[in-house]
Amino acid sequence: MSSAAAPQVLIAGNPNCGKSTLFNALSGGSAHVGNYPGVTVDRTSASLHLGTEKIELVDLPGMYSLTASSPEEQLAVDALTESNTRAVVCVVDATTLERGLYLPLQLIESGVPVVVALNMMDATARIGLRIDTERLSELFASPVIPVVATKRRGLDALLSALETQLEPSSEISTLQVGYPAALEADIAALAPAVARWRPKMPTGQHRVFALWCLLSLGEDSLRGVPDEVRQAAGNIRRAAAERGRNLDLEIVSSRYDWLDRAVAETCSVRGPSPSWSERIDRVLTHPIAGISIFAVVMFGIFEALFAGAEPLIGAIETLTGFMQAQAATILPPGVLQDLVVEGIIAGVGNVIVFAPQILMLFLFIGFLEDSGYLARVAFVIDRVMKGVGLHGKAFVPLLSGFACAVPAVMATRTIERRRDRLVTMLALPLMSCSARLPVYILVVGTVFAGRSLGWFSAGAVALFSMYTLSVLVTLAAAAVLKRTVLPGPAPTFVLEMPPYRWPSAAILWINAWRRLRIFLIDAGTIILAMTILLWALLSFPKSAEISEHYAAERAQVLQSASSETTKSEALQSLDAREAGEQLAHSLGGRFGHAIEPVLRPIGFDWQIGVGIIGAFAAREVFISTLGVVFGIGEADEESRPLRQALRDARHADGSPVMTPLSGVSLMIFFLLACQCMSTIAVVKKESGSWKWPVFLFSYMTLLAYLASLAVYQGGQLLGYG
């Protein structure tokens, strides 16, 4: 039987309940990661042999209920109604039993065979909690199996219970929650519309799905709900409200009343609960102490991302350079050599160079999340973030944007609702990433060297202003996006703090590596293609006249040079000048000339324009592109020849191109423009379409141009030109 046709067994559970740990324990870590159709939520699955049958084990996104208040929850509902879904393993954190049992209660109500995996049973012993799993199984009319996923305890019993549930002769649970008579009448009134919507659904499930509709509809994130069902559910809800009834409260309170009785009957505490976690919470959730501690933690993470990843990044860049040198030696000079060296190898290097930071960031985020600390941080930061319409969990991706937007965009996966994820990933590229810093340093060293503002150097003030402005603009952009492009209610942030626990190193590594692999395969393909395209734009067409001219000059140098050193320096200078003239002749160079009338009002010339085009590969490429344009050759942000060339550059009227005012305009442009194809690629990957990366590029480019225009023209009006 093929994997596509294999019966599905779903793994469901609340976030931080050990669901993915159990999935990895059952699958042995050999999972396939893809996407659900039409959305960007990861679909993680693995093949598993259960007895004589081969099944597909599917790890559903973490969720608290089947209310479908997010795309992830609706995906779970859709998966439950698929024809090849045979059973669900619902993972419950035994230390937060009452909250955790709400989801399996809903699942069992739906009529699908369920096995409840009561995870972290070792932790219940430490806190003096005793759970009668046999009685709990009787109440739920479904097997409840105690397990410790991190230590692989109870897996055999779990698989045995699952095998029994998959047998055709197994009985469906008869669990019934007692709902008020008026609510039962509402459910019966909606069931016919549900039956017409889902005709293949078993008759018994129409009632349960009608109940789901009454509680879920009204959320605009839901997909595919027919107007008939939405209208019927809306009419019933409005009629109930007119009679003073709250359907949401009736449904949820009825379920929790049933759960209260079940927990009271099956659980007992042998001793006083320890209070050490509460004492820690008082510190970590304090408005001042909590934020201060988090600032220290994030500083440590950034230090690791900058300093810790630097040797690995340097090694990758060295390896890329070595491979380019070897390819240049093996291949004859010409188009093929340029394609391999500057296109393919450089493109692969542009992908792999992000790997250390992405891997480290997800290891850190995974540790903070699995330990329970990230929930405390999100709770504290939410008080600040909700003022601009952002979710509390958006804070970590935003801060990560100071290092690199690529892993930061991927880190938005910790945010549950799609709308809140989109707002965050569309705003965070405005955070001043590390790739912008070389551009700032070049500009500061060119136009602010030796200048001061009071007690401070002008360069230090300029750098501080860029980073401060990036934070303010990011928050403002998020507020505007949340009120215009992606309107919706303020993110609700109600959560029960998960218990503190030590994360599994193996699970951290598996999850981080899985996300890195997704980036390398999906986003990396786009980055490689765009790198080759950019190389072609800046390399073709070649001018035979320029080549012949410099060939003649090289021949003259070879005949007249007095020493090998002089000859080598002269040839390097000729190579750099030829490269600059060929670049100016290329499509990219011609485009730079074409857009000069547009760039002139913000203080730039065609050479800066070509540098901006080159910077789409990566912002720091702006510097090396300028080195080629000015005929300098290899250059970095500390290059004195490049700084001097920028100071000497003149417009057609003889006025200098680089002044303090145009320097500020250039820094503002780089701060606000989306000049990073890697970011574009990863936003496409995470959003699931080209709509949002195109919007991101468009609004940031327009914002950058208008801001630079206001700065440059306003400065000239004030006499700072």
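Position one of the sequence shown corresponds to residue 2 (our numbering), numbered consecutively onward. Beta carbons: idealized from backbone N, C-alpha and C, even for Gly. Predicted, not measured: the structure shown is a model, and the values here were computed from it.
Collapsed DSSP secondary structure at residue i in the structure displayed
i: R87; result: strand
i: C214; result: helix
i: N247; result: coil
i: H652; result: coil
i: F605; result: coil
i: Q1; result: Given a span of 2 to 722 for the chain in the structure shown, any question on residue 1 remains unanswerable.
i: G634; result: In this predicted model, G634 has a pLDDT of only 47, less than 50, meaning its place in the structure is not dependable enough to derive any value.
i: V10; result: strand
i: L130; result: strand
i: F457; result: strand
i: R154; result: strand
i: N236; result: helix
i: W510; result: helix
i: K201; result: coil
i: N15; result: coil
i: V40; result: Residue confidence is low: V40 scores 42 on pLDDT, short of 50, so the model does not pin down where it sits. Its coordinate-derived value is still stated next. Of the three classes helix, strand and coil, the one that applies to V40 here is coil, per DSSP.
i: F623; result: helix
i: A616; result: coil
i: T469; result: helix
i: S4; result: Note that S4 has pLDDT 44, beneath the 50 cutoff, so the model's placement of it is unreliable and the number below is only indicative. In this structure, S4 counts as coil in the three-state DSSP scheme.
Within 8 angstroms, strictly: CB atoms of residue i and residue j
i: D94; j: N15; result: yes
i: G373; j: P499; result: yes
i: L11; j: L61; result: yes
i: I508; j: T22; result: yes
i: I736; j: P408; result: Since the displayed the chain opens at 2 and closes at 722, residue 736 lies outside it and no answer follows.
i: F449; j: P661; result: yes
i: V381; j: T286; result: yes
i: L191; j: L163; result: no
i: P723; j: C675; result: The structure shown does not extend to residue 723, since the chain spans only 2 to 722, so no value can be given for it.
i: A88; j: A13; result: no
i: V440; j: I624; result: yes
i: V116; j: T134; result: no
i: S255; j: G309; result: no
i: D371; j: N17; result: yes
i: L521; j: F617; result: no
i: G235; j: A150; result: no
i: L487; j: V385; result: no
i: G446; j: R578; result: no
Endpoints, the beta strand (DSSP E) within which residue i is located
i: Q676; result: Unbroken run through Q676: none, as it is neither H nor E.
i: L364; result: Note, L364: premise wrong, no beta strand (DSSP E); alpha helix (DSSP H) at A356 to D371.
Beta-ladder partner(s) of residue i, from DSSP
i: A118; result: V92 and I146
i: L285; result: Partner(s): none; L285 has no beta bridge.
i: I346; result: Beta-bridge pairing links I346 to no other residue.
i: K55; result: H50
i: L600; result: For L600, which the question treats as bridged, DSSP gives no partner whatsoever.
i: Q107; result: Q107 pairs with nothing; no bridge assigned.
i: L464; result: DSSP output for L464 lists no bridge partner at all.
i: C268; result: I132
Segment limits, alpha helix (DSSP H) that includes residue i
i: L759; result: Because the chain is modelled from 2 through 722, residue 759 falls outside the range shown and cannot be assessed.
i: L487; result: Here L487 belongs to no alpha helix (DSSP H), and DSSP marks it neither H nor E.
i: M1; result: Past the boundaries of the shown model lies residue 1; the chain is included only from 2 to 722, so the question cannot be answered.
i: V424; result: R419 to A428
i: L375; result: Y374 to M386
i: W693; result: K692 to L718
i: M411; result: A406 to A412
i: R452; result: Counting along the chain, R452 falls outside any alpha helix (DSSP H), and DSSP gives it neither H nor E.
i: K543; result: Where K543 is concerned, there is no enclosing alpha helix (DSSP H), given that its DSSP letter is neither H nor E.
i: T319; result: E311 to I331
i: F24; result: K20 to S28
i: V397; result: F396 to S401
i: P198; result: Sequence inspection shows Trp at residue 198; the Pro mentioned does not correspond to that position. Its alpha helix (DSSP H) spans residues A182 to W198.
i: L337; result: V336 to D339
i: G101; result: L98 to G101
Heavy atom of the ligand NAP within 7 angstroms of residue i beta-carbon
i: R518; result: Looking at this structure, you won't find the ligand NAP or any other ligand, since it has none at all.
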